[in-house]
Every structure is written in C-alpha cells, then in structure tokens.
Amino acid sequence: MTTYGEGDPSDNSSESLNWLKFNSDTSLKILRYAAFGLGNSSYRFYNKVIDDVVAALGYSGAISLLPVGKGNEATRTTEEDFMEWKDNLFPMLASELNPAEYEAKYTARMKFVEHGSFSSNRLHLGDPFLKRTPKKATAIASSIAAFPIKERRELTLKPSASRNYVHMELDLSAHPKIKYKTGDHIAVWPTDPNEEVVALLRILELESRKDVPISVLPLDGETDKLKVPSPTTIQALFQHYLEIYAPVPRETVLSLAQLAATEKVKSVLKALGKDKVAYATFLEHNHLTLARLLKYTLTIDTTGTGIAPFRGFLQDRARFASTGRQIGPMILFFGCQCPEYEFYRDELMELMSGPLDGKLEIVTAFSHVGNEKKYVQHRLQERGDEIGRLLLEEDASSYVCGAANIARAVEGVVRDSIKRVKGWKNSVVDVWRQGRKRAKRWHKDVWG
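With the first letter of the sequence shown counted as 1, position 445 gets the number 445 in UniProt numbering; the numbers rise by one all the way through.
Below you can see the structure in the form of structure tokens.
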C-alpha cells in the first residue's frame with residue numbers, strides 16, 4: 001500500500017483503511033497476511049499507511065506472516081526492496097502452506113495486429129500519453145514541442161565533483177503561443193536514443209516492419225490495462241512509449257531467462273537475476289539496456305538545484321528595479337555541500353552589485369566545509385526572530401524549494417520563530433500558516 005503526501009492513503013485504499021479503523025471490534029483472528037508499503041523517507045510520514053493498516057490488523061487479531069516490507073522511493077531502491085521482501089515471502093509460504101511448485105512459463109498477455117493501411121492522423125507517433133481514468137487512456141491535452149537548446153553550461157565549479165549540474169536555456173521563438181510564468185516547471189517528454197532503438201529492432205528482426213501500423217490488444221479484452229497507446233507503430237513504441245534504455249530490472253532479467261535459447265545463457269541470466277550483489281556489480285561496469293541484454297544472446301530557502309526557480313524570480317525583480325519600479329527587500333538562504341556547488345554565484349553577485357543593490361542579501365550554508373555541518377535551517381535559525389518579524393509585521397512572502405527533508409526542517413524553524421515572536425500555540429500557528437497559503441504568501445516546491 002502506498003503513502004502519499006502528508007501520510008495520506010491512495011484514493012482506492014482510503015475506504016478500506018477507514019473500515020479497518022472504525023471496525024476495530026471485528027475479529028480478524030483467522031486472517032493471516034503479509035504486508036508491503038510504498039513510501040518516501042524524505043517525508044515526515046514515511047510509509048504511514050502500511051503502518052496504520054498493520055496496527056489495525058494486529059488490534060483485530062490478524063496474524064502477520066513476516067516483517068512488514070517497505071519500499072523507499074527516496075533511495076531509489078523500491079524495486080530492490082520489494083524483491084528482497086518477496087524473496088522472504090515465497091519460502092515462508094512454501095513452509096506454511098506446502099503448495100505444489102512448478103516453474104513459471106511464459107504466457108502471452110497481448111497481441112499485435114498489423115494493418116496494411118491506416119490513417120496516419122489516428123496513429124500515436126510520439127505524442128505524450130497517459131491514463132486519465134481506470135477505464136480510459138488518452139493523449140494528454142497539451143501537445144509537445146521541440147525547443148532548440150540555446151545555451152548549455154556546467155554549474156559545478158569543481159571538475160572532480162561526483163555529480164554535475166547543468167544550466168540550459170531553450171529557444172521558444174518558433175513557438176510564440178506558448179506562455180509561461182516565472183517559476184513554472186517544464187515537463188520533459190523523453191525519447192529513447194536512436195542507436196538503442198535501431199539495435200533492438202535489429203536484434204528482434206523487426207527492421208522491415210518498424211513503420212507498419214499496429215494495434216495493441218490485450219488477450220483478456222481489458223483495454224484499460226494497456227500502458228501504451230494504440231494504434232501506433234513498433235518504431236514509435238520503442239522510441240517514445242517503452243523504457244528500453246534504462247537498466248533492466250532484476251525481475252525482468254529473471255523473466256527473460258525462460259526465453260533463453262541455450263541452457264548456458266539461461267544459467268547466466270538466472271545468476272544475475274537472483275543475486276542482488278552480483279547484479280549490482282555487473283551494472284557498475286555495464287549499462288544493461290534491453291537491447292544490450294538481448295544482444296548478450298540475451299523567504300527564499302533553497303538547497304542545491306532548488307536555486308533554479310529563484311534565479312527567475314530575482315531576474316524579474318532586477319528588471320522591475322531597472323525600470324524604476326519599487327521592489328521589496330529579499331533574503332536568499334542557499335545551502336549546498338561546498339562553495340564549488342554554489343550555483344550562479346557570479347551571476348548573483350552581479351545582481352547584488354547592480355539592479356538589486358541594497359535589496360538582496362544572500363546567506364549561504366555549506367554542509368561539507370569544516371567540522372560543523374551547516375544547513376539552511378541552521379542559518380535560518382540564527383536569524384529566527386528577524387524572519388518571524390518579517391513574516392508577521394512586514395507581510396513578507398516565504399518561498400521554499402529543495403529536498404523534502406530540508407523543506408520540512410525549514411518549515412519547523414519558521415514555525416518556532418512565529419511561536420516565539422507571538423507566543424502562539426501550535427494550533428494558532430497552523431491557522432496562521434493556512435491563511436498565508438490562501439493569500440499566496442507561503443509557497444513550497446519540494447521533491448523526494
């Protein structure tokens with residue numbers, strides 16, 4: 001079961017969770033269960049839903065067959081977390097239930113029907129596509145456009161840095177109807193590299209049929225289960241709708257083992273698929289895409305890249321100031337590991353000495369410099385009373401952008417500052433904060 005946002009269940013599980021909570025007097029002593037939760041440890045309520053379900057089941061007498069499994073999206077290990085839990089689940093089921101075992105065999109779940117002729121305007125040839133409801137899958141409302149990259153530059157100042165960050169500017173001049181506001185997000189519709197598509201088509205001997213119109217039809221007739229658009233072409237499927245360039249998951253490696261042409265190849269695939277360490281070691285030296293596997297005959301508070309939207313806000317204010325318009329003062333609290341990751345430093349210094357002179361103050365927090373780690377929340381705490389007065393007495397706006405755990409810490413510091421300045425209780429601060437949100441004076445843009 002999945003936990004969203006501030007500990008909320010998914011829409012299709014909320015009713016079941018409510019039933020468990022409000023029917024605690026119902027005996028479930030004959031129920032045995034195994035539970036796995038999906039969550040993100042960067043958020044305050046990590047896997048709260050599965051914890052609530054397990055607590056409710058335990059209160060009603062249900063028996064847990066093995067420890068609760070938890071997938072953590074923050075560490076990008078959800079799939080491995082699940083496989084590890086599943087590896088414990090099946091031996092337990094075998095010992096408890098003594099079921100008959102047999103080797104799983106491949107069974108087709110869908111078929112592809114080729115069409116000799118088809119109206120091209122009905123084909124999905126790269127347009128974005130998502131499932132809007134359980135019953136209907138459609139193209140999304142807004143079309144995509146190809147923007148030339150006008151400028152690209154590295155933001156990381158340290159050549160040996162373990163991670164690199166790139167600033168890109170796009171040329172929108174050919175699309176004057178596309179509008180945006182400062183701070184807007186841009187959605188990227190990725191495509192798989194041409195060389196990977198060509199390689200996969202060649203290995204599957206589909207090169208001559210890559211542009212033939214096809215319909216994708218589930219054999220059980222339940223079209224709402226389709227995860228790809230139909231009708232389309234094999235070329236479009238590989239290029240736009242299937243993830244063929246990402247590393248192949250261990251579970252997929254195991255599934256493909258049963259299709260191996262020789263016992264030797266099958267044993268290699270099984271060894272990779274069953275051994276987490278061996279698979280991880282293999283990936284360190286090989287980017288294992290599907291084509292390559294088959295070829296093997298097989299306030300402004302921000303951290304890191306969170307500075308990006310605020311750069312736009314500052315540019316807006318600089319432009320206003322240069323035309324003689326009055327602008328309010330700004331304090332930017334920016335955190336990163338070390339000065340080498342202080343993105344846009346030269347550009348921000350120019351703004352401070354130019355159009356934003358006397359209006360912009362930048363407070364930095366470096367977490368990997370010196371013995372004492374300093375994060376944004378620590379710098380904010382040092383000036384807590386000042387920030388509290390700005391928000392309360394000068395109607396200042398608060399903007400937070402960055403990782404969820406940092407944003408949560410920053411919000412905690414601000415709440416404490418407000419409580420200290422006004423002497424309010426938590427409940428009063430919550431009411432005040434909701435009012436600031438409604439007035440569009442309290443903004444968060446966070447991720448896991």
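Heads up, the beta-carbon is just placed ideally off N, CA and C, and yes, glycines get one too. Small disclaimer: the values here were computed from a predicted structure and weren't measured.
- Spatial neighbours of residue 446 in its own chain (CB-CB distance under 6 Å, excluding positions within 5 residues in sequence) are listed in chain order as 404 and 407.
- Counting other Cβ atoms within 10 Å of its Cβ, residue 178 stays below 16 and is therefore classed as exposed.
- Remark: C-beta atoms of residue 214 and residue 114 approach each other more closely than 7 Å.
- Between residue 362 and the set 120, 346, 189 and 155, the nearest pair of CA atoms involves 346.
- Remark: three or more beta-carbon pairs, one from each stretch, lie closer than 8 Å, so the region 38-53 and the region 12-19 are flagged as touching.
- Note on geometry: alpha-carbon atoms of residue 36 and residue 83 lie some 11 Å from one another.
- Excluding the 5 residues flanking it on each side, residue 20 has same chain C-beta neighbours closer than 6 Å at 56, in chain order.
- Residue 269 places its beta carbon less than 7 Å from that of residue 260.
- Relative to the Cα of residue 365, the nearest Cα in the group 282, 428, 358 and 374 belongs to 374.
- Burial check for residue 368: the Cβ neighbour count within 10 Å stays below 16, so the residue is exposed.
- Residue state for residue 406 is assigned as helix, using DSSP reduced to three classes.
- Distance check between residue 185 and each of 246, 417 and 306 places 306 closest, using alpha-carbon atoms only.
- In the structure shown, residue 275 falls within a coil segment according to DSSP collapsed to helix, strand and coil.
- Boundaries around residue 443 are those of the beta strand (DSSP E), 442-447, since no alpha helix (DSSP H) includes it.
- For residue 213, the enclosing beta strand (DSSP E) covers residues 213-218.
- Here residue 232 is buried. Its C-beta has 16 or more other C-beta atoms within 10 Å.
- The region 198-217 makes no contact with the region 164-178: fewer than 3 CB pairs, one atom from each, lie closer than 8 Å.
- Measuring C-alpha to C-alpha distances from residue 427 to each of 71, 415 and 181 identifies 415 as the nearest.
- In this structure, the alpha-carbon of residue 75 lies about 8 Å from that of residue 41.
- Non-local beta-carbon contacts of residue 359 in its own chain, meaning distances under 8 Å to residues more than five positions away in sequence, involve 317, 321, 327, 328, 329 and 330 in chain order.
- Exclusion of the five residues before and after residue 311 leaves 344 as the residues of its chain whose Cβ lies within less than 7 Å of its Cβ.
- Residue 93 sits away from residue 62, with the two beta carbons spaced by 7 Å or more.
- Assigned with DSSP and collapsed to three states, residue 152 falls in strand.
- If you draw a straight line from the Cα of residue 262 to the Cα of residue 250, it is about 19 Å long.
- Excluding residues up to 5 positions away in sequence, 71 lie with their Cβ nearer than 8 Å to the Cβ of residue 77 in the same chain.
- Residue 309 sits buried, since 16 or more C-beta atoms from the chains shown fall within 10 Å of its C-beta.
- For residue 167, DSSP records a beta bridge to 153.
- Counting only the Cα atoms, residue 112 lies some 14 Å from residue 227.
- Assigned with DSSP and collapsed to three states, residue 360 falls in strand.
- Put simply, of 150, 396, 389 and 222 the residue whose alpha carbon is nearest the alpha carbon of residue 109 is 222.
- Listed in chain order, the non-local C-beta contacts of residue 105 below 8 Å within the same chain comprise 258, local neighbours out to five positions each way being set aside.
- Positions of the beta strand (DSSP E) runs, each at least 3 residues long and wholly inside the UniProt domain "Flavodoxin-like" (1-90), are given as 36-39 and 69-72 in order along the chain.
- Residue 144 sits exposed, since fewer than 16 C-beta atoms from the chains shown fall within 10 Å of its C-beta.
- By the C-beta density criterion, residue 420 is exposed, having fewer than 16 other C-beta atoms within 10 angstroms.
- For residue 354, same chain residues with a beta-carbon under 8 Å away, outside a window of 5 residues either side, are 318 in chain order.
- Burial check for residue 90: the Cβ neighbour count within 10 Å stays below 16, so the residue is exposed.
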